[in-house]
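Trainee: Numbering (this note's numbering), first residue to last: 29 to 181.
Glycine included, every Cβ here is placed at the ideal spot set by N, Cα and C.
Predicted model only: the values in this text are computed from it and were never measured.
Shown below is the structure under consideration.
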């Protein structure tokens with residue numbers, strides 16, 4: 029139970045941090061590098077799967093990844109770009125903090141359900157894959173939107 033509470037508190041802090049980072053990012057021009065780097069940096073966390081305690085089956089990988097892709101739809105819908113002069117900016121969305129906090133609550137509920145059936149290591153692995161699926165699909169959609177806007181005259 030301690031790990032559930034501790035990991036949920038850490039995730040809540042990360043979500044709040046993400047809200048502030050996203051608000052600050054809206055004041056600076058977007059770039060391909062800023063869109064692509066977060067999922068690449070996050071992917072280094074996959075080294076956890078070297079340790080048997082975190083390893084999960086391919087079916088669990090697919091399930092977690094697909095849930096992440098479904099969750100990303102909300103983030104994709106709230107991520108819009110606008111051109112200001114020669115630069116492209118991410119438009120701040122008032123719904124983003126609400127969506128991020130809602131995803132936190134859903135994540136905790138799912139963790140409570142799954143955590144009672146599989147080990148802590150497997151739960152950790154599944155939620156890493158879920159987060160990776162969410163950020164990769166979200167960032168691919170952002171890159172697509174960014175490139176489309178950049179190529180318009």
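Out of 158, 143, 147 and 115, state which residue places its alpha-carbon closest to the alpha-carbon of residue 60.
Mentor: Walking along the chain shown from the start, residue 60 turns up at place 32. For residue 60, the nearest C-alpha among the options comes from 115.
Trainee: Beta carbon of residue 119, beta carbon of residue 108: below 7 Å?
Mentor: Residue numbering aside, residue 119 sits at position 91 when the chain shown is read from its first letter. Residue numbering aside, residue 108 sits at position 80 when the chain shown is read from its first letter. Taking 7 Å as the Cβ cut-off, residue 119 and residue 108 qualify as a contacting pair.
Trainee: Helix, strand or coil: which one does DSSP assign to residue 124?
Mentor: Within the chain shown, residue 124 is the residue found at index 96, counting from 1. In this structure, residue 124 counts as helix in the three-state DSSP scheme.
Trainee: Do residue 135 and residue 67 count as a contact pair if the criterion is CB distance below 7 Å?
Mentor: As a first step, residue 67 must be located in the chain shown, where it is residue number 39. As a first step, residue 135 must be located in the chain shown, where it is residue number 107. Not in contact: residue 67 and residue 135 (Cβ atoms no closer than 7 Å).
Trainee: Are residue 117 and residue 106 close, meaning C-beta to C-beta below 7 Å?
Mentor: For the purposes of this step, residue 117 is taken as the residue at position 89 of the chain shown. For the purposes of this step, residue 106 is taken as the residue at position 78 of the chain shown. No, the Cβ-Cβ distance between residue 117 and residue 106 is not below 7 Å.
Trainee: Please report the residue range of the beta strand (DSSP E) in which residue 116 lies.
Mentor: Reading the chain shown from its first residue, position 88 is the one you call residue 116. Counting along the chain, the beta strand (DSSP E) containing residue 116 begins and ends at 115-119.
Trainee: Report the rounded CA-to-CA distance for residue 131 versus residue 112, giving the unit in angstroms.
Mentor: As a working mapping, residue 131 is identified with position 103 in the chain shown. As a working mapping, residue 112 is identified with position 84 in the chain shown. So the alpha carbons of these two residues sit roughly 31 Å apart.
Trainee: Am I right that residue 55 and residue 160 are in contact with their C-beta atoms under 8 Å? What's the rounded C-beta distance?
Mentor: For the purposes of this step, residue 55 is taken as residue 27 along the chain shown, with counting starting at 1. For the purposes of this step, residue 160 is taken as residue 132 along the chain shown, with counting starting at 1. Their Cβ separation, rounded to whole angstroms, is 28 Å, which puts residue 55 and residue 160 out of contact at 8 Å.
Trainee: Let me know the alpha helix (DSSP H) ranges lying completely inside the region 56-98, each 4 residues or longer, listed in chain order.
Mentor: 60-70
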